[in-house]
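Novice: Note that the protein sequences, when read in sequence, are chains A and B.
When the letters of the first sequence are read in order and numbered with this note's numbering, they come out as residues 56 to 311.
When the letters of the second sequence are read in order and numbered with this note's numbering, they come out as residues 56 to 311.
All C-beta atoms, glycine included, are put in the ideal place defined by N, C-alpha and C.
Number of protein chains: 2
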Amino acid sequence: MSQHRHPGAPGRAGAVPALPDLPEATVARLPEYLRALHNVADSGHETVSSEGLASAAGVNSAKLRKDLSHLGSYGTRGVGYDVALLIEQIEYVLGLTQRRAVALVGVGNLGHALAGYDGFASRGFRIAALLDADPARVGEEINGMIVRHVDELPQVVAEESIAIGVIATPAGAAQGVADQLVAVGVTSILNFAPCVLSVPEGVDVRKVDLAIELQILSFHEHRKASLTALPATGGSALTALPGGLAATDTQEAIGT
Amino acid sequence: MSQHRHPGAPGRAGAVPALPDLPEATVARLPEYLRALHNVADSGHETVSSEGLASAAGVNSAKLRKDLSHLGSYGTRGVGYDVALLIEQIEYVLGLTQRRAVALVGVGNLGHALAGYDGFASRGFRIAALLDADPARVGEEINGMIVRHVDELPQVVAEESIAIGVIATPAGAAQGVADQLVAVGVTSILNFAPCVLSVPEGVDVRKVDLAIELQILSFHEHRKASLTALPATGGSALTALPGGLAATDTQEAIGT
DNA sequence: CGCGATTTGTGCACGTCTTCACAAGCGCCT
DNA sequence: AGGCGCTTGTGAAGACGTGCACAAATCGCG
């Protein structure tokens, strides 16, 4: 392993240099590494150690090294990782070498915000279409784009070669929209509606539920409260939490 | 074990009936079960089997049973789970018996949408304060609430006894806001800014990064494309994905 | 040219999560 | 009252993810 030759990234023509099938946990962390790497690059460093990158990404350095090793990584012992090269590698693996077009269905409260979110544009995506089922919303202009009716999905997807759909409708409408998306060839869905989607095999769904995140935090609050209520000496239950707002993980000190 | 007596939920006075410390993976799924249970309740069923609830929540029934067993669960063999009782139990464990107040910092694009998101209100939370650092935004009314300046945090937190903060600022401002939140006694943070927060021990942080979710989907798209490109017979690469938009997981057929 | 400082890549052990498979328990019907 | 079918709760096995600790590799310096 690790003869110094780049297996896939640079010659980005035919693609298909046999993507290694990474552990899901690793895949989920690669985007975070990518973001951290861009920060490091912006701060002028050409290389970064696993330690430095790990703390910038909020993980343990051993985990980071193992993750990177899975993609046949590009580090140099005694030196660290070449920032530019690693960015290129991760972007390649994540399929971000070309900007991906996504369709956003549901331009309500949340959809509106997503349509205007520039974090998508800066991280490899292009919102290529806004769609809604409500005729009252069709025609509205958001962020320079016109909202079209969801029934135009077939044309829209064909025009823009869209493979990813984002659902930001109410829960009741989500399954229907998912079916429509699948029917026109979308194979990845990001679902913001609080419901389970059922899709054919081969279609990937990820779900983001804002209330669930809060509920998980609520559990920990509850547990913390029930612990500080009994134990002996501690004192300073809910109201205290005195000074020390200092660091714990220390992500500063990146390259150097 | 499992003598039929409710360890904690009903007598909701003194609390502290020794929360069992659940596996994190279980905690992360409880909110989904809760949502599914409300659906079941709305459809009129009084009991539900692990199979039924599991498919409504999009998980495997063995996993659901084990999860519920961790909280000393309330099922009856041969019958299933009492829907109302289970709802009460899970809400208790998640600390949702009283509505929790949260402070939302950052009323930009995304923050605006979060402020108007009714999913919070209906799932046990109350947005008790909107804050922003930009003087131009202070005073604005959103959804019946007035935006206050972030420096008023100490008063706001005291007034409303807030323990959870939501950060929806740009990445650059997030760490500063987190420090401020921690300083006034907030012990749980939901972070929408694309950056790592460093906080003292005892403070919980959960992160939601919308672009990361898309990048994970992008990886799977890339992999699917690189697989359908080579293999022999398949054909129908990107453009096809013919009919069959049918079900796979089938979450319908809930109780019955 | 060799040596020491540094940092990656990884074998191994450990812990957590998932899944299977089945005994124990419950209600209903005869 | 007894038996039968259904469903929970759980032990045990397996899969997966994590973190330690160290050998291998590279650089820079004397």
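Residues of chain A with a CB under 7 Å from the CB of B/Val82: which are they?
Specialist: Ile271 and Phe274
Novice: What residues are listed by DSSP as bridge partners for B/His93?
Specialist: Beta-bridge pairing links B/His93 to no other residue.
Novice: So A/His277 contacts chain B; which residues on that side make the cut at Cβ distance below 8 Å?
Specialist: Leu74, Val148, Leu149 and Gly150
Novice: Given that B/Asn115 touches chain A, what residues does it touch there, using C-beta distances under 8 Å?
Specialist: The premise fails here: B/Asn115 is roughly 13 Å from chain A at the closest Cβ pair, so nothing lies under 8 Å.
Novice: Mind checking the stretch 227-244 of chain B against chain A and listing, in chain order, the residues whose C-beta falls within less than 7 Å of any C-beta there?
Specialist: Those residues of the stretch 227-244 of chain B that come within reach of chain A (Cβ to Cβ, closer than 7 Å) are Asp234, Val237, Ala238, Gly240, Thr242 and Ser243.
Novice: Give the straight-line distance between the Cα atoms of B/Ala229 and A/Gly127, rounded to the nearest whole angstrom.
Specialist: The C-alpha of A/Gly127 is placed about 34 Å away from the C-alpha of B/Ala229.
Novice: Does the beta-carbon distance from A/Arg155 to B/Ser273 come in below 8 Å?
Specialist: Against a cut-off of 8 Å, the Cβ pair of B/Ser273 and A/Arg155 comes out as a contact.
Novice: Just checking, does the stretch 93-103 of chain A make contact with the stretch 259-273 of chain B on the three C-beta pairs under 8 Å criterion?
Specialist: no
Novice: From B/Tyr245 to B/Val251, what does the alpha carbon distance come to, in whole angstroms?
Specialist: First, the amino acid is wrong: residue 245 of chain B is Leu here, not Tyr. Near 12 Å, if we compare the C-alpha coordinates of B/Val251 and B/Leu245.
Novice: Would you mind stating whether B/Ala223 and B/Val160 have Cβ atoms separated by less than 8 Å?
Specialist: yes
Novice: Since A/Lys262 sits in a beta bridge, which residues does DSSP pair it with?
Specialist: A/Asn246
Novice: DSSP has A/Glu312 in a bridge; who is on the other side?
Specialist: Lying before the first or after the last residue shown, residue 312 of chain A is absent from chain A, which here runs from 56 to 311.
Novice: Hey, how far is the Cα of A/Val254 from the Cα of A/Val241?
Specialist: 11 Å
Novice: Do B/Leu151 and B/Leu186 have their C-beta atoms within less than 8 Å of each other?
Specialist: No; because the gap between Cβ atoms is not below 8 Å, this pair is not in contact.
Novice: Taking only runs that begin and end inside the stretch 110-146 of chain B, name each unbroken beta strand (DSSP E) of 3 or more residues, in chain order.
Specialist: 135-137
Novice: Are the C-beta of A/Tyr172 and some C-beta of chain B separated by less than 8 Å?
Specialist: yes
Novice: When DSSP labels each residue in this structure, what does A/Gly220 get in the three-state scheme?
Specialist: Strand at A/Gly220.
Novice: Please return the same chain residues whose Cβ sits closer than 6 Å to the Cβ of B/Ala184, not counting the five positions on each side in sequence.
Specialist: Ala158 and Val211
Novice: For A/Leu77, which residues of its own chain have a beta-carbon under 6 Å away from its beta-carbon, when the five flanking residues on both sides are left out?
Specialist: Hits under 6 Å: His125.
Novice: Applying a beta-carbon distance threshold of less than 9 Å, which residues of chain B neighbour A/Gly107?
Specialist: Those within 9 Å of A/Gly107 in chain B number zero; the least Cβ separation is about 13 Å.
Novice: Name the DSSP beta bridge partners of A/Phe180, please?
Specialist: A/Arg155
Novice: Mind checking the stretch 154-169 of chain A against chain B and listing, in chain order, the residues whose C-beta falls within less than 8 Å of any C-beta there?
Specialist: Arg155, Val157, Asn164, Leu165, His167, Ala168 and Leu169
Novice: Which residue marks the beginning of the alpha helix (DSSP H) containing B/Gly227, and which one marks its end?
Specialist: Ala226 to Ala238
Novice: Which same chain residues, not among the five before or five after A/Arg203, have their C-beta less than 6 Å away from its C-beta?
Specialist: Leu186
Novice: Would you say B/Ala184 lies against chain A (beta-carbon separation less than 8 Å)?
Specialist: no
Novice: Measure how close the beta-carbons of A/Ala248 and A/Pro225 come, nearest whole angstrom, since I'm counting them as under 8 Å.
Specialist: 7 Å
Novice: Looking at the structure shown, is B/Leu186 part of a helix, part of a strand, or coil, going by DSSP?
Specialist: B/Leu186 falls in the strand class under three-state DSSP.
Novice: Please list, in chain order, the chain A residues whose beta carbon lies closer than 9 Å to that of B/Leu141.
Specialist: Those within 9 Å of B/Leu141 in chain A number zero; the least Cβ separation is about 15 Å.
Novice: Given a cut-off of 8 Å, decide if B/Arg84 and B/Asp122 are closer than it, judged by their beta-carbon atoms.
Specialist: yes
Novice: With burial defined as no fewer than 16 other Cβ atoms inside 10 Å of the residue's Cβ, what is the status of B/Ser216: buried or exposed?
Specialist: exposed
Novice: Examine chain A for any beta-carbon lying closer than 8 Å to the beta-carbon of B/Ala111, and answer yes or no.
Specialist: The Cβ of B/Ala111 sits closer than 8 Å to at least one Cβ of chain A.
Novice: Can you pull the chain B residues whose beta carbon is under 7 Å from the beta carbon of A/Pro249, in chain order?
Specialist: The contacting residues are Arg90 and Gly174.
Novice: Considering only residues of the same chain and omitting the five flanking positions on each side of B/Gly130, which have a CB-CB separation below 6 Å?
Specialist: Result list for B/Gly130: Tyr136, in chain order.
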